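S.K.: Handing you this structure, nothing more for now.
2 protein chains.
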Amino acid sequence: MAIPRSGPNMSAIAAALGVSAATVSNALSGKGRVSPELIERIRAKAAELGYVPSLTARALRTGRTGVLGMVLPDIANPLFPQIAQAIENAAANAGYGVLIADSRGDIATQTEAINRLLERGIDGMVIVPRRGTRIADVGCPVAVIDTPSTPGNTVAADHWDGGSQMGRHLASLGHRKVLLVGGNPNSNVQNDRIGGLKAGLGNEAECEVLWIEKVEAVSGAGCPLGLSAKAAEGFTAFAALSDLSALRALTELQRGGISVPEMVSVTGFDDLIWSSVVTPALTTVRMDMGTIADLAIAALIRVIEPDGEAEPEAAGHVVSETDRVPMQLIVRQSTGAPLKSHAQNKTTDQ
Amino acid sequence: MAIPRSGPNMSAIAAALGVSAATVSNALSGKGRVSPELIERIRAKAAELGYVPSLTARALRTGRTGVLGMVLPDIANPLFPQIAQAIENAAANAGYGVLIADSRGDIATQTEAINRLLERGIDGMVIVPRRGTRIADVGCPVAVIDTPSTPGNTVAADHWDGGSQMGRHLASLGHRKVLLVGGNPNSNVQNDRIGGLKAGLGNEAECEVLWIEKVEAVSGAGCPLGLSAKAAEGFTAFAALSDLSALRALTELQRGGISVPEMVSVTGFDDLIWSSVVTPALTTVRMDMGTIADLAIAALIRVIEPDGEAEPEAAGHVVSETDRVPMQLIVRQSTGAPLKSHAQNKTTDQ
DNA sequence: CAGCCCTGCTTAATCGTTTAAGCAAAATAC
DNA sequence: GTATTTTGCTTAAACGATTAAGCAGGGCTG
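So the protein lines, in turn, are chains A and B.
Everything in the first sequence is counted per my numbering, starting at 1 for the first residue and increasing by one.
Everything in the second sequence is counted per my numbering, starting at 351 for the first residue and increasing by one.
The structure is reproduced here in structure tokens:
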């Protein structure tokens, strides 16, 4: 059996040039002692024959597969496209492939998925943990992308800073009574965003947090959140902790006849695909996934690849140069100054 | 160098039992001739030692890696989570891993990404093509998930049928003047959906198609689509060809003071994450990605794994048992009967 | 009882690469 | 001019599985 591989191997190049396979290996990897002229001839012959190294054989010999695992436990995470794209890109630039593992939100399935990755011999993995869960040590280096305040976090967007930027934006528009709309109270990310928002809004601002999952636990999934009533109570801005919640808030308010941004402002987080296509387009805060992915992959590779100094294959959480990457405020049409009637605390001018 | 693998290998089991490694291999794979008792003893010892086979070594020997590639050329496709999850799940059930390749929408990058996958020795790949592009033969079996009317398609949702269901739903509510809202005219998927919608709406219904990309080419990205004017013209339903377009339509109409579903109905396609959280929740049509993924993976595996009969490793487009999987209409709150004033063609009763 | 087949194992080659070790010849040192 | 290093290559042994081929011995047939 054993379907023969398509192209030529090192021995083919070696035979064609009358040298040994070891010399070809040394020439192409630049490791051993080979004369410059021969290196050139080998390179040329390899190109001529269309040589492609067998990563499988290399993996068997070296013990490293050049593949990283990517674990996203949160089911159908709408950030998936952004994250996957950034991680794959960063990994590809570093010469690594990315194997995905989805656990459909289930903890047992997740463990199983991680084991499948390990059996495939991955060199390391990137995990974006489900809200509030900690990742135990598995059998390989792990980069965790969560939020800087989580213990064991490798690198992440500075959610607190993002919240703070958004808070200052709303405060500068004159909002003094703001409803924060979150999904799940156990999310470290969302709690960091809340902290930043409160700090950015300042002490004079009045804040209240509404957790969607708590409301739904009582009234059922997809129930109204009662935001029109909140608007009537005098809340002039609804700062959601994710774009999904922002979308929910925006449509519920619109449906209730409350126009955004004239009557109230709505903001989100993450700049997901729909943020720019809804009317009014959402003011939100974007994470720099490209930089985050680069840092995470770099941190992994530092541990994986033998540098001569560091002990290799440390099977724990990896640390990065910096654990937080700034977020970027994107002001669109969903925010504006509050109605005069509500802007009690705003100084009349400026 | 060559970091030693963690666990024991076949030789370890063989040594512990005083047999040869070949016998261990035969026992565990059930291939050669080994006595039942010995098989049992070998199984037990393997379990006791915590033996994990080296997939890398197996790949080198057999020429098959047990890994499939997944290529999603359409940048930041919001269907990504659904697709990735379904494909990964189907592949995992069949004992395969999934390597991702993102091409950031660029054709050159896509070719490069596919080559990287091939160098990694994948056994086959699943491609969800960018609208309207055809996939050339690469060096391995390929399953294409697009739409049944595309030549070379392996398996896909029956978008025409989905459109037809939606058309009949709208017709039965009494809609006779419907605006179809699409993104790009070159999408096979969207054109199939249009065909189904028109057929489902019937001959008496008046249809017009609005392509967002055409409007944006004139008025700039994110511009208003003029839907309120369309409503004034007498359109009572806005059937978007994707949930993203539906979301855009819904928010633009709401913002224009047109309430959904009382004044006009809005529908989408795909049942994306936000369809159920917006107010009013979107009536849409869902594809059965689980079944589609199962069929695609099964078709690939039929070609990849030696059955004794079929020639293995045919490096072309793979065919499935069936090329189309029914879609499921999901009626939520965004559709209703048209306003009486507009329902000119509706019979007064029933 | 000779011949044959079947059973149950072993031996050894192989996949394609890496890398330690070895070994001439050339270059340098003293 | 001999002793030592350096250069440039080769040989061979891995990595861990699969699998064709071989080889005893027991059971069967005729």
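For each residue, glycine too, the CB sits at the ideal point set by N, CA and C.
As the structure is a computational prediction, the values presented were derived from the model and not from experiment.
For B/D511, which residues in the same chain have their Cβ closer than 8 Å to its Cβ, ignoring the five residues on either side in sequence?
M.R.: G546, R674, P676, M677
S.K.: DSSP state of B/W624, grouped into three classes?
M.R.: coil
S.K.: Using beta-carbon positions only, say whether A/S228 and A/G268 come within less than 7 Å of one another.
M.R.: no
S.K.: With contact counted as at least three CB pairs below 8 Å, one residue from each stretch, are the segment 523-534 of chain B and the segment 584-604 of chain B in contact?
M.R.: yes
S.K.: Could you check the C-alpha separation between A/I304 and A/V144 for me, to the nearest Å?
M.R.: 15 Å
S.K.: Within the continuous alpha helix (DSSP H) that includes A/S245, where are the two ends?
M.R.: Counting along the chain, the alpha helix (DSSP H) containing A/S245 begins and ends at 243-255.
S.K.: Considering only the alpha carbon of each residue, which of A/V318, A/Y96, A/P8 lies closest to A/R302?
M.R.: A/V318
S.K.: CA-CA distance, B/G687 and B/M613?
M.R.: What sits at residue 687 of chain B in the sequence shown is Ala, not Gly. Between B/A687 and B/M613, the C-alpha separation is close to 9 Å.
S.K.: Smallest Cα separation from A/V209: which of A/L339, A/R193, A/A217, A/A296?
M.R.: A/R193
S.K.: In whole angstroms, what is the alpha-carbon distance linking B/V374 and B/A364?
M.R.: 6 Å
S.K.: Could you tell me if A/A44 is buried or exposed, where buried requires 16 or more neighbouring beta carbons within 10 angstroms of its beta carbon?
M.R.: exposed
S.K.: Once you ignore the five residues that flank B/S370 on each side, which residues in its own chain have a CB closer than 7 Å to its CB?
M.R.: A364
S.K.: Look up A/L72 in the DSSP assignment and say whether it is helix, strand or coil.
M.R.: strand
S.K.: In the DSSP assignment, the alpha helix (DSSP H) including A/K214 goes from what residue to what residue?
M.R.: 212-219
S.K.: Report the CB separation of A/R131 from A/N77 in whole angstroms; it is logged as a contact under 8 Å.
M.R.: In fact, because the Cβ distance is near 11 Å, the residues do not count as touching under 8 Å.
S.K.: For B/V568, count the other beta carbons within 10 Å of its own beta carbon; 16 or more makes it buried, fewer makes it exposed. Which is it?
M.R.: Burial call: exposed.
S.K.: State yes or no: is the beta carbon of A/G105 nearer than 7 Å to at least one beta carbon in chain B?
M.R.: no
S.K.: Going along the chain, which residues of the segment 429-444 of chain B sit with their C-beta nearer than 8 Å to a C-beta in chain A?
M.R.: F430, P431, Q432, A434, Q435, E438, N439, A442
S.K.: In chain A, which residues lie with their C-beta within 8 Å of the C-beta of B/A396?
M.R.: Result: empty, since nearest Cβ-Cβ is about 14 Å, beyond 8 Å.
S.K.: With distances taken from CA atoms, which of A/V138, A/G121, A/M10 is nearest A/T62?
M.R.: A/G121
S.K.: I'd like to check one pair, B/I457 with B/V421: are the Cβ atoms closer than 7 Å?
M.R.: no
S.K.: Give me the chain B residues within the contact set of A/G121, using Cβ-Cβ distance strictly less than 9 Å, ordered along the chain.
M.R.: The answer, in chain order, is R355, S404, L405, T406.
S.K.: Using the Cβ count rule (16 or more neighbours within 10 Å means buried), how would you classify B/K690?
M.R.: Exposed, because fewer than 16 other Cβ atoms sit within 10 Å of the Cβ of B/K690.
S.K.: Give the DSSP-derived three-state secondary structure of A/I122 in the structure shown.
M.R.: In the displayed model, A/I122 falls within coil according to three-state DSSP, outside both helix and strand.
S.K.: Could you compute how far the alpha carbon of B/S404 sits from the alpha carbon of B/G666?
M.R.: Here the alpha carbons of B/G666 and B/S404 stand approximately 29 Å from one another.
S.K.: Does any residue of chain A have a CB that is nearer than 7 Å to the CB of B/D452?
M.R.: yes
S.K.: Would you mind giving the Cβ-Cβ distance between A/L68 and A/D146, rounded to the nearest angstrom? I have them listed as a contact below 8 Å.
M.R.: That pair is no contact at about 18 Å.
S.K.: Run through the DSSP bridge pairs and tell me what B/E558 is partnered with.
M.R.: B/L529
S.K.: Can you confirm whether B/V531, when its beta carbon is compared against all beta carbons of chain A, has any partner nearer than 7 Å?
M.R.: no
S.K.: Could you pull the DSSP bridge partners for A/L329 from this structure?
M.R.: A/V285
S.K.: Can you find the residues in the same chain that come closer than 7 Å, C-beta to C-beta, to A/R114, ignoring five residues on each side of it along the sequence?
M.R.: The residue asked about is misnamed: residue 114 of chain A is Ile in this sequence, not Arg. Contacts found: V71, A101, V138.
S.K.: Give the interface partners of A/W274 over in chain B, defined as CB-CB distance under 7 Å, in chain order.
M.R.: L594, L597, W624
S.K.: Below 8 Å on the Cβ atoms is my guess for A/T154 versus A/A299; work out the distance and round it to an integer in Å.
M.R.: Separation of the CB atoms of A/T154 and A/A299 is rounded to 6 Å, and the pair is thereby assigned contact status at 8 Å.
S.K.: Closer than 9 Å by beta-carbon distance: list the chain A residues that pair up with B/G489, in chain order.
M.R.: In chain order: S6.
S.K.: Kindly list the residues whose CB is nearer than 7 Å to the CB of B/M516, restricted to its own chain and excluding five residues on each side of it in sequence; keep chain order.
M.R.: L547, G550, A589, T617, V635, L679
S.K.: For the putative contact between A/G183 and A/L272, defined by C-beta atoms under 8 Å, what is the C-beta separation to the nearest angstrom?
M.R.: Wrong, their Cβ atoms sit about 14 Å apart, outside the cutoff.
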